[in-house]
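Protein chains in written order, with the numbering used here: chain S, 42 to 251; chain Y, 42 to 251. Heads up, the thing below is written out as structure tokens.
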DNA sequence: GACCACCCGTGGTCTGACCACTTTTTTAGT
DNA sequence: ACTAAAAAAGTGGTCAGACCACGGGTGGTC
């Protein structure tokens, strides 16, 4: 490293170099980056410093490492970060309830988004519901995917995982209820959609809405 | 480390241990955590592995290390990372839009939550709006705080920081609009509340909506 | 009591050594 | 010549030990 010393830690410099490298070589998701040993040599730094940088990126979900193979750039988009923060912070009791509440909000937001965007084809979706066995999570994953907001999807996935680690319940709803939800969305009827949603979640706060 | 390995990398295990340690010892912002060498010994892992874990946490802004002194827990709300992420990642236009969109959704969700919970005293809030100069962020921070969902608040803060790293603008809205929003909430009128909200947001993103 | 040199603990970095695993190359057998 | 087994090479994962640079405490000196 070019004797830039002072203040900046080596692993930070490596991150910058890496960013530069990715930018210059136009590396994209799935592409391979140089091996730790090669980076260490090319940048004139110790391998351990390179690893510190890579491990940080890995934790951020920016790269993926496969033993024996190499290190690859990962699909960025959302941020991993939230996951970490939440696992770190959410130890309190109230937190559990917040998770559930937030997950529901996100789900409703996505429904609103779907209605707002409108004009989707739900035929394949409907036939999927008809044909296969599926979990609530799978259903909403597909649904939220359609809303086309990758960040919301990320957050939702995290909340879902959290939910699983908090509770073990995995209630199976009836196909009919899911069908109703889809139909309500198709009809672009917000009122019906949210009602159908709460029918699925069938619970505590039936009053809110409007 | 209890040779549980397989799949899980050591530095990930260290992170878990660290989280546990922080939880058990009730460590807070500013508290010091054991030295790298001590951790290495206590967990029966190499110091370099400990460092990989700590470096990742540092990049995330969760801890702060001072050479010659030690490592300290930091008040989250970190940005560090966000700066990096933004320059590193979010080049795509769609992602930026997702951030904005998601932030708006979260804000609206909190408004709904406030209405749902109802019966708050907004007098002090109103007088605060009247008296001081404040930014949009400050306003919504206080607002979302009232909604009493810590997770939503956390997510919002992250999105806010992201926003700042993406754009530099810091438009000032009129006090009147904020007053209207508060009044609508007080009146427990969802319709008016959302309208008032969009009045606030309208200025910048007038087009992408509806 | 005030000041300063020294030592020790701490993070920062590098090197070299293994291990486990995957891919590639070489080798041996048919 | 072809194929399958074996060896080699390459890669990430981890550890141990060695320095360096810096901060704070210790104890001596004035």
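For each residue, glycine too, the CB sits at the ideal point set by N, CA and C. It should be emphasised that the depicted structure is a prediction, and the values quoted were computed from it without experimental measurement.
### Task
Return the residues of the segment 140-152 of chain S that lie within a Cβ-Cβ distance of less than 7 Å from chain Y, sorted by chain order.
140, 142, 143, 146, 150
### Message
In this structure, how does DSSP classify residue 219 of chain Y when only helix, strand and coil are distinguished?
### Response
helix
### Query
To the nearest whole angstrom, what separates the beta carbons of residue 185 of chain Y and residue 197 of chain Y, a pair I think is in contact under 8 Å?
Right, the Cβ-Cβ distance comes to about 5 Å (below 8 Å), so this counts as a contact.
#### Entry: Proximity winner among S:89, S:49, S:55, relative to residue 108 of chain Y (alpha-carbon distances)
S:49
### Message
By the three-class DSSP mapping on this structure, what secondary structure does residue 73 of chain S have?
### Response
It is a strand residue.
### Task
Count the other CB atoms, across all protein chains shown, that sit within 10 Å of the CB of residue 45 of chain Y; report buried if there are 16 or more and exposed otherwise.
In this prediction, residue 45 of chain Y has a pLDDT of 40, which is less than 50 and means its spatial position is unreliable; nothing more can be read from the coordinates.
### Task
Indicate whether the contact test is met: 3 or more Cβ pairs, each with one atom in the segment 85-97 of chain Y and one in the segment 78-93 of chain S, closer than 8 Å.
yes
### residue 89 of chain Y: contacting residues in chain S (beta-carbon distance under 7 Å)
89
### Task
Could you say which of Y:77, Y:204, Y:78 lies nearest to residue 138 of chain Y if we only look at CA atoms?
Y:204
### Message
Tell me the DSSP secondary structure of residue 163 of chain S in three-state form.
### Response
coil
### Message
Strictly under 8 Å for the Cβ-Cβ distance: is residue 100 of chain Y near chain S by that measure?
### Response
yes
### Top-ranked residue by Cα proximity to residue 69 of chain Y, from Y:113, Y:217, Y:54
Y:113
### Query
Which residues, taken in chain order from the segment 165-199 of chain Y, show a beta carbon closer than 7 Å to some beta carbon of chain S?
190, 191, 192, 193, 195, 196, 199
### Task
Would you decide whether residue 150 of chain S is buried or exposed? Buried here means 16 or more other CB atoms lie within 10 Å of its CB.
buried
### Task
Going by DSSP, name the residue or residues bridged to residue 258 of chain S.
Missing from the structure shown is residue 258 of chain S; chain S here goes from 42 to 251 and no further.
### Query
Comparing the C-beta of residue 97 of chain Y with each C-beta of chain S, is any distance below 8 Å?
yes
### Message
Using a Cβ-Cβ distance cut-off of 8 Å, determine whether residue 92 of chain Y contacts chain S.
### Response
yes
### Query
Counting pairs of Cβ atoms below 8 Å between the segment 223-233 of chain Y and the segment 147-163 of chain Y, do you hit three or more?
yes
### Query
Got a sec? Which residues, its chain only, sit under 7 Å from residue 143 of chain Y by beta carbon, not counting five neighbours each side?
Cβ within range, chain order: 200.
### Residue from Y:176, Y:180, Y:147, Y:73 whose Cα sits closest to the Cα of residue 163 of chain Y
Per the Cα distances, Y:180.
#### Entry: 6 Å CB neighbourhood of residue 74 of chain Y in its chain, flanking five on each side removed
Only 112 meet the Cβ criterion.
### Message
Going by beta-carbon coordinates alone, are residue 218 of chain Y and residue 237 of chain Y separated by less than 8 Å?
### Response
yes
### Task
Measure the beta-carbon distance from residue 147 of chain Y to residue 193 of chain Y and round it to whole angstroms, keeping in mind my assumption that it falls under 8 Å.
6 Å
#### Entry: Whole-number beta carbon distance between residue 226 of chain S and residue 167 of chain S, since they are thought to touch under 8 Å
Distance from residue 167 of chain S to residue 226 of chain S at the Cβ level is roughly 11 Å; contact not present, criterion being Cβ atoms closer than 8 Å.
### Query
Since residue 178 of chain Y is in the alpha helix (DSSP H), which residue starts that stretch and which ends it?
177-188
### Message
Give me the chain Y residues within the contact set of residue 52 of chain S, using Cβ-Cβ distance strictly less than 8 Å, ordered along the chain.
### Response
96
### Message
Let me confirm a value: residue 140 of chain S is counted as buried when at least 16 other C-beta atoms fall within 10 Å, else exposed. Which label applies?
### Response
buried
### Query
residue 260 of chain S to residue 176 of chain S, Cα distance in whole Å?
Residue 260 of chain S falls outside the range modelled here, since chain S spans only 42 to 251, and no answer is possible.
### Task
Specify the secondary structure class of residue 85 of chain S as computed by DSSP and reduced to three states.
coil
### Query
The alpha helix (DSSP H) spanning residue 243 of chain S covers which residue range?
Premise fails: residue 243 of chain S is in no alpha helix (DSSP H) and is neither H nor E.
### Query
What's the gap between the Cα of residue 57 of chain Y and the Cα of residue 100 of chain S?
Note on geometry: alpha-carbon atoms of residue 57 of chain Y and residue 100 of chain S lie some 13 Å from one another.
### Query
What is the residue span of the alpha helix (DSSP H) that residue 49 of chain Y lies within?
Run containing residue 49 of chain Y: none; DSSP gives neither H nor E here.
### Nearest candidate by alpha-carbon position, reference residue 105 of chain Y, set Y:71, Y:235, Y:79, Y:81
Y:71
### Message
For a test of the three-state rule: what should DSSP assign to residue 68 of chain S, helix, strand or coil?
### Response
coil
### Query
Mind checking whether residue 240 of chain Y and residue 221 of chain Y have CB atoms under 8 Å apart?
yes
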